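**Q** If you scroll down you'll find the structure; I have some questions about it.
Okay, here's the thing in structure tokens:
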């Protein structure tokens with residue numbers, strides 16, 4: 001019985017050994033099955049029933065010291081430290097305005113708030129009460145926060161960092177430089193968290209910790225950049241072909257978000273169809289659709305018959321439709337590459353249930 005109990009605890013404490021034959025370089029994903037009914041029935045006959053708890057018992061240690069003393073805990077504390085510093089600097093004197101400033105402020109505030117909640121739930125072990133897949137949620141958020149911080153670290157200095165001092169003291173410029181530096185440095189703690197929680201070959205992990213799962217987050221983020229560029233360029237309504245491209249972007253983005261939500265919620269095993277097959281088939285069609293948009297969008301945006309080849313000289317920075325079309329074209333190619341890599345890597349992962357462990 002002790003050996004069986006240790007075996008059932010493998011998903012919580014350490015990487016279990018699969019009974020199936022492993023292949024080199026493969027990553028095994030937990031389907032989300034909660035119980036092995038045969039083991040449960042056999043155990044219930046020999047052991048008295050125990051009182052159910054909503055939280056796991058850890059021998060009276062209700063606080064998780066590993067949330068502070070581990071490398072992952074150190075990374076999260078650095079995230080909160082830099083996030084709090086950035087918010088203080090911007091609010092005090094660095095300043096922000098307009099759409100781009102609001103976006104940067106939202107990124108810093110959102111990431112700081114969610115990181116604080118994650119750190120609190122981890123150290124108090126209250127995440128066991130959350131009706132979600134905690135590991136999938138934390139690694140997905142860390143990947144998203146990394147991308148958001150990188151974007152804010154580029155946008156803020158471009159639109160707010162002044163090359164010349166507005167007055168003799170240069171106080172505002174110093175604060176803006178400090179915000180830019182702190183925002184850039186804060187990208188690394190979030191990247192470290194992704195690195196520490198990523199899937200290792202042969203391990204049984206959540207889907208979001210794999211390369212395919214992380215790529216889903218990046219694909220969704222790139223699609224958001226495309227939508228942001230389209231908001232500054234309404235000329236895509238002039239042609240059915242460019243409208244088709246927008247439909248492709250919207251469809252692929254919606255399905256990607258659905259995959260992430262289902263995975264993070266831990267409900268993939270409750271679906272009436274094989275979730276792993278659905279993800280692979282969807283990724284394949286996404287590659288085909290993005291390949292078509294990669295060919296169509298540049299033709300109807302930059303060809304002389306339909307659009308403008310060169311950038312107009314009188315086009316204002318930040319509001320130029322030609323710039324928006326170029327951004328859409330570039331990031332369409334980026335997402336095509338991401339979906340193709342996702343499709344290739346998906347052949348190296350295997351979905352397994354807990355009973356196979």
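Numbering (the working numbering), first residue to last: 1 to 357. Ideal placement from N, C-alpha and C gives every residue a C-beta, glycine not left out. Note that the structure is predicted; figures quoted are calculated from it, not measured.
Compute the Euclidean distance between the alpha carbons of residue 281 and residue 85, then round it to the nearest angstrom.
**A** Position 281 of the chain shown, counted from the start, is the residue given in the question as residue 281. Position 85 of the chain shown, counted from the start, is the residue given in the question as residue 85. Rounded to whole angstroms, residue 281 to residue 85 spans 44 Å at the Cα level.
**Q** Skipping 5 residues on each side, what residues in its chain have a beta carbon closer than 8 Å to that of residue 362?
**A** Residue 362 cannot be examined here, being either before or after the span of the chain that is shown, 1 to 357.
**Q** How would you call residue 120, buried or exposed, if buried means at least 16 neighbouring beta carbons within 10 angstroms?
**A** As a working mapping, residue 120 is identified with position 120 in the chain shown. By the neighbour-count rule (16 or more Cβ atoms within 10 Å), residue 120 is not buried but exposed.
**Q** On the DSSP letters alone, give me the boundaries of the alpha helix (DSSP H) that residue 180 sits inside.
**A** Position 180 of the chain shown, counted from the start, is the residue given in the question as residue 180. Where residue 180 is concerned, the enclosing alpha helix (DSSP H) stretches over 171-197.
**Q** Are there 16 or more other CB atoms within 10 angstroms of the CB of residue 310, so buried, or fewer, so exposed?
**A** One-based indexing of the chain shown puts residue 310 at position 310. Residue 310 is exposed by the Cβ-count criterion.
**Q** Would you check if the segment 262-269 and the segment 228-241 touch, i.e. whether three or more CB-CB distances between them fall below 8 Å?
**A** At 8 Å Cβ cutoff, the stretches do not touch.
**Q** Measure the alpha-carbon distance for residue 346 versus residue 275 and round it to whole angstroms.
**A** Within the chain shown, residue 346 is the residue found at index 346, counting from 1. Within the chain shown, residue 275 is the residue found at index 275, counting from 1. Approximately 13 Å, taken between the alpha carbons.
**Q** Do you know whose CA, among 123, 273 and 146, lies nearest residue 186's CA?
**A** As a first step, residue 186 is located in the chain shown; it is residue number 186 there, counting from the start. Nearest of 123, 273 and 146 to residue 186, Cα basis: 146.
**Q** Mind listing, in chain order, the continuous beta strand (DSSP E) runs of no fewer than 3 residues lying wholly within the segment 276-355?
**A** Listed in chain order, they are 349-352.
**Q** With DSSP collapsed to three states, give me the class of residue 157.
**A** Against the chain shown, residue 157 aligns to sequence position 157. Three-state DSSP puts residue 157 in a helix.
**Q** Should residue 243 go down as buried or exposed, given a rule of 16 or more other Cβ atoms within 10 Å for buried?
**A** Here residue 243 corresponds to residue number 243 of the chain shown, with the count starting at 1. Under this definition residue 243 is an exposed residue.
**Q** Just to confirm my understanding: we take residue 340, look at its own chain, exclude 5 residues before and 5 after, and list those with CB closer than 7 Å. What are they?
**A** As a working mapping, residue 340 is identified with position 340 in the chain shown. Correct list, in chain order: 287.
**Q** Less than 7 Å between C-beta atoms, sequence neighbours within five positions excluded: which residues of the same chain meet that for residue 87?
**A** Residue 87 sits at position 87 when you count from the first residue of the chain shown. Correct list, in chain order: 108, 109 and 112.
**Q** Ordered along the chain, which non-local residues of its own chain (more than five positions away) have a Cβ less than 6 Å from that of residue 342?
**A** Sequence index remark: in the chain shown, residue 342 carries index 342 (1-based). Once the five neighbours on either side are set aside, the close Cβ partners of residue 342 are 212, 215 and 283.
**Q** Alpha carbon to alpha carbon, how far is residue 68 from residue 176?
**A** Within the chain shown, residue 68 is the residue found at index 68, counting from 1. Within the chain shown, residue 176 is the residue found at index 176, counting from 1. The alpha-carbon atoms of residue 68 and residue 176 are separated by roughly 31 Å.
**Q** Roughly how many whole angstroms lie between the Cα atoms of residue 348 and residue 335?
**A** On the chain shown, position 348 is the one that residue 348 refers to. On the chain shown, position 335 is the one that residue 335 refers to. Using only the alpha carbons, I get a separation of about 21 Å.
**Q** For the segment 219-228 against the segment 320-331, are there 3 or more C-beta pairs whose distance is under 8 Å?
**A** Verdict: yes, contact present.
**Q** Which of the three DSSP states is assigned to residue 151 in this structure?
**A** For the purposes of this step, residue 151 is identified with residue 151 of the chain shown, where counting begins at 1. Correct three-state label for residue 151: helix.
**Q** Would you mind reading off the limits of the alpha helix (DSSP H) that contains residue 106?
**A** Taking the chain shown and counting its residues from 1, the one referred to as residue 106 is at position 106. Per DSSP, residue 106 belongs to the alpha helix (DSSP H) from 98-124.
**Q** Answer with buried or exposed for residue 218, where buried requires no fewer than 16 other C-beta atoms within 10 angstroms of its C-beta.
**A** Here the question's residue 218 lines up with position 218 in the chain shown. Per the 10 Å Cβ criterion, buried.
**Q** May I ask you to report which of helix, strand or coil DSSP gives residue 268?
**A** Your numbering for residue 268 matches position 268 in the chain shown. Of the three classes helix, strand and coil, the one that applies to residue 268 here is helix, per DSSP.
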